[in-house]
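K.L.:
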Amino acid sequence: MNARAPKGTADMLPGVARAWEHMTRVAQDLFARYGYEPIYTPLFEHTEVFTRGIGEATDIVAKEMYTFEDKAGRSLTLRPEGTASVVRATLEHTLVPQGSSAKLYYAGPMFRYERPQKGRMRQFWQIGVEALGSAEASVDAEVITLLVRYFEALGVPGERMTLLVNSMGDEACRPAYRDTVAAFIRGHAADLCDECKRRADTNPLRAFDCKNPGCAATMADAPVLRDELCDECAAHYAAVKVHLDALGIAYIEEPKLVRGLDYYTRTVFEIQAEGLGSQNAIGGGGRYDRLMQEYGGPATPGLGFALGFERTLLALESAGVETPAPARADVYVARVDDSVSEAVFGLVQALRDDGIAAEMDHQARSLKSQFKQADRLGTRVVLVLGPDEFAAGEVTLRDMNTKEETRVEIATAAEAVRATLG
RNA sequence: GUGGGUGUAGCUCAGUUGGUUAGAGCGCCGGACUGUGGCUCCGGAGGCCGCGGGUUCAAGUCCCGUUACCCACCCCA
C-alpha cells in the first residue's frame with residue numbers, strides 16, 4: 007500500500023502537534039477575554055451552504071471544493087472555510103434573535119483542492135471568530151484588534167507583521183463601482199492582459215491583483231472604491247479607522263485589498279507576515295452584512311476573521327520563536343536487575359496515581375541505559391530500586407541536577423519526589 | 001490547471017570527467033573494571049541509490065518515461 011499521507015495533507019508529529027495545542031490554548035484564553043464562546047460545526051455541509059454563501063464565481067467554489075455525494079444522493083462538501091457554517095448554524099438555532107448579538111469562535115481543519123506550496127495545504131487548520139448582530143464600527147475595530155493581539159500573544163514580533171485594511175462598499179455602492187472598473191478595463195484593453203480583459207465581465211475588481219507589470223501600471227490609474235463609497239460606507243470606514251487609531255493599532259490602507267469571497271461588505275482586512283514565502287497572509291477577514299439574508303434569514307450584520315495555523319507557525323519559526331517543550335516526565339524509576347521488576351512496575355503506577363508523571367523502562371535496558379533515557383526525557387529525579395533497597399523497603403532518590411542521592415522509604419517516595427521537584 | 005527544481009541510511013546531505021565492497025554528520029543501540037545520565041573515546045545496526053525502460057564492457061553518476069515532494073503562477077488562511 008501507499009504509506010504516504012494524501013497530497014496536500016500532513017501528519018502533525020509531536021513537535022508540530024504541541025505547537026498546535028499551544029496556539030489553540032492561547033486562542034481559547036484570549037478570545038474568552040473578549041467574550042467569545044466556542045462553537046463546533048460539521049466538517050461537511052450541504053454544498054449549497056458554500057455555493058450560495060461564498061459565491062458561485064469565486065475560485066473556491068468554482069474549482070477548489072471537495073464535493074461528493076453520500077449514499078442517499080445528497081451533495082455534500084468538505085468545508086473550505088468556517089464562516090459559512092457558523093452563519094448557517096446561527097440561523098438554524100436562532101443564536102442571534104432580533105436585536106441580539108453573539109460572539110463565537112471555532113478551530114479546526116478546512117479543505118480546498120489546490121496545488122500545495124509553502125503555506126498552502128489541501129487540508130489546513132484555521133482558528134476564527136464571528137461577531138454577529140452588530141453593524142457598529144467599534145466591533146470591526148474590536149475584531150481587528152483581537153487578531154493583532156492574538157499574534158502578539160503568540161510572540162510574532164510586531165515589526166514582522168503588517169495590517170492592511172480596506173472597504174469593499176456595500177450593495178448601494180459596489181455594483182456601480184464594479185461597472186466603473188469594468189468600463190475602465192474596456193477602455194484600456196490595449197494595455198491589459200487577456201486574463202484581465204476577461205475580468206471585465208466576470209470579476210472586474212480582481213484586475214487590481216494582477217501581477218502583470220503592464221496591468222499593474224494601468225490599474226494604478228483606475229478609479230479606487232475608497233473614493234466612490236456611498237455616504238454610509240464612507241462614514242463606517244472612517245469610524246473604523248478612528249477606533250483603530252484610538253487604540254494605537256498600526257495599519258496600512260490598501261485600496262487594492264480585494265478578498266476572494268463574495269460575501270464581504272464594507273470592512274476587509276488582512277495581516278501579512280514575513281518569512282512565509284509567497285503566501286504571506288497569516289490572517290484575514292471582513293464584514294458580511296448580507297450573508298444571513300442570503301441564507302433566507304433575518305437581516306443580521308456580522309464580521310469575523312480566520313487565521314491559518316500552518317502559516318502562523320511558519321511566521322513564528324522564521325522569527326525564531328519556539329514552542330516550549332515541557333519535560334516528558336518528572337521522575338524515572340530505574341530497575342537494577344530483574345529481581346525488582348515487579349516492585350518497580352508497582353512503584354511507577356503508585357506515583358502516577360499520586361499525580362506525578364513517572365516513567366520506567368520497558369525494553370530490558372541496562373541501568374546505565376535507563377539513566378540515559380531519564381536524561382533524554384528531562385526528568386529531574388531518578389529513583390533507583392535494586393536488591394539492596396528492596397530488602398530495606400527503600401529506594402535511592404537521585405536529584406539529576408545536584409547528583410545528590412538519598413535513601414527514602416518506598417511508602418513515602420511520592421512525597422520525597424515532590425519535595426525534590428519543589 | 002500552468003511552469004521550474006529535487007528525489008542516495010530515521011534526519012541533513014557528500015558522492016570527482018560513468019569504473020570494482022556507496023560515505024559523512026546527527027540520531028539510534030552497545031561498550032570504556034564489577035548497580036548510575038548529560039562531555040569524550042571505541043564499536044555496531046541501518047540503504048530496493050523514488051520506480052520503469054534505454055545507452056554502455058560497466059550507471060547512484062548519461063538519456064527517456066513515470067511518480068512523489070518542493071517552490072512559483074493563480075488564489076487564499
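Quick note on the working numbering: the first sequence kicks off at 7 and runs consecutively. Backbone N, C-alpha and C fix where the C-beta goes; we use that ideal spot for every residue, glycine too.
#1: Taking the runs of the beta strand (DSSP E) that are 3 residues or longer, which of them lie wholly in the segment 25 to 106?
#2: Three-state secondary structure (DSSP) at V394?
#3: Is DSSP giving L383 helix, strand or coil here?
#4: Which of the three DSSP states is assigned to K109 in this structure?
#5: So, do the segment 331 to 342 and the segment 380 to 392 have three or more beta carbon pairs nearer to each other than 8 Å?
#6: What three-state label does DSSP hand T418 in the structure shown?
#7: Hey, quick one: how far does the beta strand (DSSP E) through I133 stretch, first residue to last?
#8: Taking just the CA atoms, how far does G314 sit from L286?
#9: Can you tell which of E365, R85 and P181 has its C-alpha closest to the C-alpha of H2?
#10: Between L389 and P20, what straight-line distance do the alpha-carbon atoms span, to the nearest angstrom?
#11: In this structure, how does DSSP classify E276 when only helix, strand and coil are distinguished?
#12: So, is P229 buried or exposed, given that buried needs 16 or more other C-beta atoms within 10 angstroms?
#13: Looking only at DSSP bridge pairs, what is V337 linked to?
#14: Quick check on the DSSP output: the alpha helix (DSSP H) that includes S324 runs from which residue to which?
#15: In whole angstroms, what separates the C-alpha of Q376 from that of A370?
#16: If you follow the alpha helix (DSSP H) that I150 is part of, which residue opens it and which one closes it?
#17: Indicate whether L170 and E260 have their beta-carbon atoms separated by less than 8 Å.
#18: State buried or exposed for A6, treating a residue as buried only when at least 16 other CB atoms are found within 10 Å of its CB.
#19: Count the other CB atoms within 10 Å of the CB of S106; is the residue buried (16 or more) or exposed (fewer)?
#20: Just verifying my parser: in three-state terms, what is the DSSP assignment at A23?
#21: Look up S173 in the DSSP assignment and give the residues it is bridged to.
#22: Per DSSP, what kind of secondary structure is I255 in: helix, strand or coil?
#23: Based on Cα-Cα distance, which residue from G266, C236 and H242 lies nearest to F214?
#24: Excluding five sequence neighbours on each side, which residues of the same chain lie with their C-beta closer than 6 Å to the C-beta of T318?
#25: Could you give the distance in angstroms between the alpha-carbon of P332 and the alpha-carbon of T30?
#26: Is A349 helix, strand or coil when you go by DSSP?
#27: In or out: L373 buried (at least 16 other Cβ within 10 Å) or exposed?
#28: Give me the DSSP bridge partner(s) of V230.
P.N.:
Concretely, from the data shown:
#1: With a minimum length of 3 residues, the unbroken runs of beta strand (DSSP E) contained wholly in the segment 25 to 106 fall at 50 to 52, 72 to 75 and 81 to 84.
#2: The sequence given here places Asp at residue 394; Val does not occur at that position. Here D394 sits in helix by DSSP.
#3: The answer is helix: DSSP assigns L383 an H, G or I state.
#4: Three-state result, K109: strand.
#5: Pairwise C-beta distances place the segment 331 to 342 in contact with the segment 380 to 392, as three or more of them are shorter than 8 Å.
#6: In this structure, T418 counts as helix in the three-state DSSP scheme.
#7: Start and end: Q129 to L138.
#8: The identity of residue 286 in the sequence shown is Asn, whereas the question assumes Leu. If I take the Cα positions, the gap works out to 11 Å.
#9: What the structure shows of the chain is the stretch from 7 to 428, and residue 2 is not part of that stretch, so it cannot be assessed.
#10: Whole-angstrom Cα-Cα distance: 27 Å.
#11: DSSP places E276 in the strand class (E or B) of the three-state scheme.
#12: So P229 ends up on the exposed side.
#13: According to DSSP, V337 bridges with A364 and V387.
#14: In the DSSP assignment, S324 falls within the unbroken alpha helix (DSSP H) covering F315 to S324.
#15: Approximately 9 Å, taken between the alpha carbons.
#16: Segment A143 to L160, the alpha helix (DSSP H) holding I150.
#17: Yes; because the gap between Cβ atoms is below 8 Å, this pair is in contact.
#18: Residue 6 is absent from the model: the chain starts at 7 and stops at 428.
#19: Sixteen is the threshold: since fewer than 16 other Cβ atoms of the shown chains lie within 10 Å of the Cβ of S106, the residue is exposed.
#20: Collapsing the DSSP output to three states places A23 in a helix.
#21: S173 pairs with T273.
#22: Coil, per DSSP.
#23: With distances taken between CA atoms, F214 lies nearest to G266 out of G266, C236 and H242.
#24: These residues qualify, in order along the chain: I288.
#25: Their Cα atoms are separated by approximately 17 Å.
#26: Assignment of A349 by DSSP, reduced to helix, strand and coil, places it in the helix class.
#27: Residue burial annotation: L373 is exposed, with fewer than 16 other C-beta atoms found within 10 angstroms of its C-beta.
#28: Residue pairing of V230 in beta bridges, as defined by DSSP: absent, with no partner found.
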